[in-house]
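So the sequences go chain by chain: A and B.
Heads up, the first sequence is in my numbering, so the first residue is 1 and it goes up one at a time.
Heads up, the second sequence is in my numbering, so the first residue is 1001 and it goes up one at a time.
We put the CB at the ideal spot given by N, CA and C, even for glycine.
What follows is a single structure, written as structure tokens, with notes after it.
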Amino acid sequence: MARVVAVTGNEAVAEALRQVNPDVSSAYPITPATDIMQRFTSFVSNGKVKTEMILVESEHSAMSGCIGASAAGGRVMTATSSQGLALMWEELFIASGTRLPIVMALVNRALSAPLNIHGDHSDGMGARDCGWIQLWSENAQESYDNTIQAFRIAEHMDLRLPAMVCLDGFIISHSIERIEYMEDDKVKNFVGEFKNLNPLLDLEHPVSYGPLILPDYYMEYRRAHAEVMSKVVGVVLDVAKDFEKISGRKYGLFETYRLDDAEVALVILNSAAGTSKDVIDAFREKGIKAGLLKPRLYRPFPYEEIGNALKHLKAICVLDRADAFGGSYGPLFMDIASSLYTCKEKPVLINKIYGLGGRDYMPEHAELVLNELAEVAKTGKVKTFKEYIGVRE
Amino acid sequence: MKLKGWKEVTPGAVCTEAGSALKFKTGSWRASRPKFIEENCIQCLFCWIYCPDMAVKVKDGKVTGFDYDYCKGCGICALECPGKKGNKAIVMEEEGK
Chain A
1 MARVVAVTGN EAVAEALRQV NPDVSSAYPI TPATDIMQRF TSFVSNGKVK TEMILVESEH
61 SAMSGCIGAS AAGGRVMTAT SSQGLALMWE ELFIASGTRL PIVMALVNRA LSAPLNIHGD
121 HSDGMGARDC GWIQLWSENA QESYDNTIQA FRIAEHMDLR LPAMVCLDGF IISHSIERIE
181 YMEDDKVKNF VGEFKNLNPL LDLEHPVSYG PLILPDYYME YRRAHAEVMS KVVGVVLDVA
241 KDFEKISGRK YGLFETYRLD DAEVALVILN SAAGTSKDVI DAFREKGIKA GLLKPRLYRP
301 FPYEEIGNAL KHLKAICVLD RADAFGGSYG PLFMDIASSL YTCKEKPVLI NKIYGLGGRD
361 YMPEHAELVL NELAEVAKTG KVKTFKEYIG VRE
Chain B
1001 MKLKGWKEVT PGAVCTEAGS ALKFKTGSWR ASRPKFIEEN CIQCLFCWIY CPDMAVKVKD
1061 GKVTGFDYDY CKGCGICALE CPGKKGNKAI VMEEEGK
């Protein structure tokens, strides 16, 4: 029987990692992800997992350790946040370019400066085009479920790509929620035995990693990587189907909430989607046809599928918990706009930047936006295409 | 050598064939070439040890010359060569002279 527990998001991710029991982990502490590895290293010390734990001197080394261990032929994971992810920057590309199926929990936190330890998406968004798979999670349950599924996705023989599981710092990582843990053997069977591809430690078949690839071949490797990215959607859906069989919980590329017959909708990632759904219910009661779309697979972005899910709407507000300075709009907005670009009839799109550095996203923010959308849908007129909300003038 | 298309390259640029560097002839990088002056050679094999490639040809324990398919012309062999009585057995000459 599944165990129903009251735990934090970090605790749930650490439990998923215990159940997966990876071969190697290399990690460095950073708020708010510290708690995951702190709990996991306790599992290592207490003999609950057989993982070889490497404690390193920086995140640059943490990801380097993961790359080495993964190339050697192990199932590998780590966790980080914000500046830690930023320090891993060059290794992120090496991990993906070398096609190493490393799984990393990214507890989303704002980037310095100014220094801030609270939740926003600027870290994950900064790494969105580094060739990793990104799964975003609304709550502790999704963080736990995504972590388990991430191993199956990353290690799939058609992909062999690193995967990040994103959850909101503090809002999810440190808040206690009711969640369901699966039995250990179910998780173990689900992720299965780790399968190797060209491991360095296979002395019968010697290989070299990290060769210099000059202009005569670099583009071929990039084109091959782009092709592999295009296969992720199918694998994510297949893995979700298998996961549903053992958990009863359904996952897709994104979640829709009262969207099919909606006229206006919010597009929003992670924890703020929960608050938004409550407000959407209230607006439905008032007779306003409101809905929501919450991306789960953010990289690769399922442009076609999301475009199809949104094209019938009159007006959409994309809420970004990160800004893309100099890019005019927030990163999620730009992806949503791209997904609708090929449609002949397009909804009106507006963009709000909210919740930076852990600023609370309150029901009144969703109300404000939905009221504005209802007005836009009625009149077709937009006052401002992009603005910050919940900010003092 | 026919270049491979993107569907044929190995995942992650991993080289799965041992010794495949033999297929990559780096001699075209060379701007200057080592010239072997046999009468000054004391057969110490320093050039063979120091060569970062495998471009010093040795037969029966004796240096016989250079493999210009791979020699990049770095000049380490000429630098390390002790020669005989101050006369170098390897000197670098400008390529194409």
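- In the structure shown, the three-state DSSP call for P1011(B) is helix.
- The alpha carbon of L100(A) has as its nearest neighbour, out of D323(A), V107(A), G131(A), the alpha carbon of G131(A).
- One thing to note: L200(A) has its Cβ no nearer than 8 Å to the Cβ of A262(A).
- Annotated three-state conformation of C130(A) is coil, per DSSP.
- Cβ contact annotation for I246(A) (same chain, cutoff 7 Å, sequence separation greater than five): M182, K186, F190, in chain order.
- When C-beta distances to chain B are compared with 8 Å, the residues of the stretch 196-213 of chain A below that value are L197, N198, H205, P206, V207, S208, Y209, G210, P211, I213, in chain order.
- Put simply, the backbone Cα of A150(A) is about 23 Å away from that of A6(A).
- In this chain, the alpha helix (DSSP H) harbouring R284(A) covers 272-285.
- Distance from the CA atom of V44(A) to the CA atom of E52(A), rounded to whole angstroms, is 8 Å.
- Note on geometry: alpha-carbon atoms of V376(A) and C317(A) lie some 10 Å from one another.
- Among the CB atoms of chain B, one or more fall inside 8 Å of the CB of L100(A).
- For a Cβ distance threshold of 8 Å, residue set P1011, G1012 of chain B lies close to R160(A), ordered along the chain.
- Contact note: L1003(B) reaches chain A through D216, using a C-beta cutoff of 7 Å and chain order.
- Looking only at L212(A), L197(A), I213(A), the smallest Cα-Cα distance to P206(A) is reached by L197(A).
- Around the Cβ of G119(A), a 10 Å sphere holds 16 or more other Cβ atoms; the residue is buried.
- In this structure, the CA atom of P32(A) is about 28 Å from the CA atom of E387(A).
- Where K1057(B) is concerned, the enclosing beta strand (DSSP E) starts and stops at 1056-1059.
- With fewer than 16 other Cβ atoms from the protein chains shown falling within 10 Å of its own Cβ, L203(A) counts as exposed.
- With a cutoff of 8 Å on beta-carbon distance, L370(A) and I288(A) are scored as near each other.
- DSSP places R178(A) within a strand segment (E or B) once states are collapsed to three.
- Annotation for Y388(A): no alpha helix (DSSP H) segment contains it, though the beta strand (DSSP E) segment containing it runs 386-388.
- Around the beta carbon of K1004(B), fewer than 16 other beta carbons lie within 10 angstroms, which makes this residue exposed.
- Excluding residues up to 5 positions away in sequence, M1001 lie with their Cβ nearer than 8 Å to the Cβ of K1023(B) in the same chain.
- The alpha carbon of N139(A) has as its nearest neighbour, out of Y341(A), R392(A), T8(A), the alpha carbon of T8(A).
- Out of K250(A), A95(A), E393(A), the CA that lies nearest to the CA of L159(A) is found in A95(A).
- The beta carbon of R75(A) does not come within 8 Å of any beta carbon belonging to chain B, so the residue lies off that interface.
- Cβ contact annotation for S137(A) (same chain, cutoff 6 Å, sequence separation greater than five): S143, N146, L167, in chain order.
- Rounded to whole angstroms, the Cβ separation of V103(A) and M63(A) is 12 Å, and the two are not in contact under 8 Å.
- Residue pairing by DSSP places C317(A) opposite L266(A), I350(A) in a beta bridge.
- Using a Cβ-Cβ cut-off of 8 Å, C1074(B) does not count as an interface residue toward chain A, since no Cβ of chain A sits closer than that to its own.
- In its chain, beyond the 5 residues on either side, S1032, R1033, P1034, K1035, G1073, G1075, A1078 have a beta carbon closer than 8 Å to the beta carbon of M1092(B).
- Cβ atoms of M37(A) and A79(A) come within 8 Å of each other, at about 5 Å.
- The C-beta distance from R321(A) to H121(A) rounds to 4 Å, short enough to meet the 8 Å contact threshold.
- Here L214(A) is exposed, its C-beta having fewer than 16 other C-beta atoms within 10 Å.
- A Cβ of chain B is located within less than 8 Å of the beta carbon of G97(A).
- Beta-bridge partners assigned by DSSP to F333(A): none are found.
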